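Colleague:
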Amino acid sequence: MLDVGMTELLCFAIIAILVLGPDKLPEAARFAGRWYVRLKRYITNLQNEIDQELRLSEFRKEMQEELNRIEALERKVQQQLEEIQKQNIAENIDKTEAVKKMPQPIRICLPISGHYKVPYVGKFVPFTSSTDISETSPVKLKIAV
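Under full-length UniProt numbering, residues 1 to 145 are what the sequence shown spells out, in order.
Right under this line is the structure:
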């Protein structure tokens, strides 16, 4: 800290004895020692704070770099999700158009109350509980081989 050699200390001691005298010299030495310790402690604390701030600034810089990388990844993932959604929407549109172009199946009604209804295209009439199954005649299917 202070570059003081042995000769400088000897000169200070002789001047202190001449100026203060042997009576006040121990009291002055204690006073100077206290101030020296305070000064040394202050300088050490200042150095520690500066080192800590430098470490914090480096840490902040690293954190900012990591945040930038994370944000870049987030943007990339978001773009990929948007592309996938666009592809899914396009595929769904193609599928719905293909379904619309398909011919509608013909639904045939079963006999109700002893007579057959005519087959029709489109609407489907659901089975109701009012139909009595016991009154219907069995249907025989013939399969050509």
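C-beta atoms are modelled at their ideal positions from N, C-alpha and C, and glycine is treated no differently.
Since we're looking at a predicted model, the values are computed, not measured.
Quick check on Val37: does DSSP put it in helix, strand or coil?
Modeller: Correct three-state label for Val37: helix.
Colleague: May I have the straight-line CA-CA distance separating Leu46 from Ala29, to the nearest angstrom?
Modeller: Roughly 25 Å between the two C-alpha positions.
Colleague: Would you kindly work out how many angstroms separate the C-alpha atoms of Gly5 and Cys11, rounded to a whole number?
Modeller: So the two alpha carbons sit approximately 10 Å from each other.
Colleague: Counting only the same chain and skipping the five closest in sequence on each side, list residues whose C-beta sits under 6 Å from that of Tyr120.
Modeller: Only weak support is given to the placement of Tyr120: the predicted model assigns it a pLDDT of 46, under 50, and the value that follows is read from those uncertain coordinates. None.
Colleague: For Gly5, name the three-state secondary structure that DSSP assigns.
Modeller: Three-state result, Gly5: coil.
Colleague: Taking only the alpha-carbon atoms, compute the straight-line gap between Leu25 and Arg41 and give it to the nearest angstrom.
Modeller: Near 24 Å, if we compare the C-alpha coordinates of Arg41 and Leu25.
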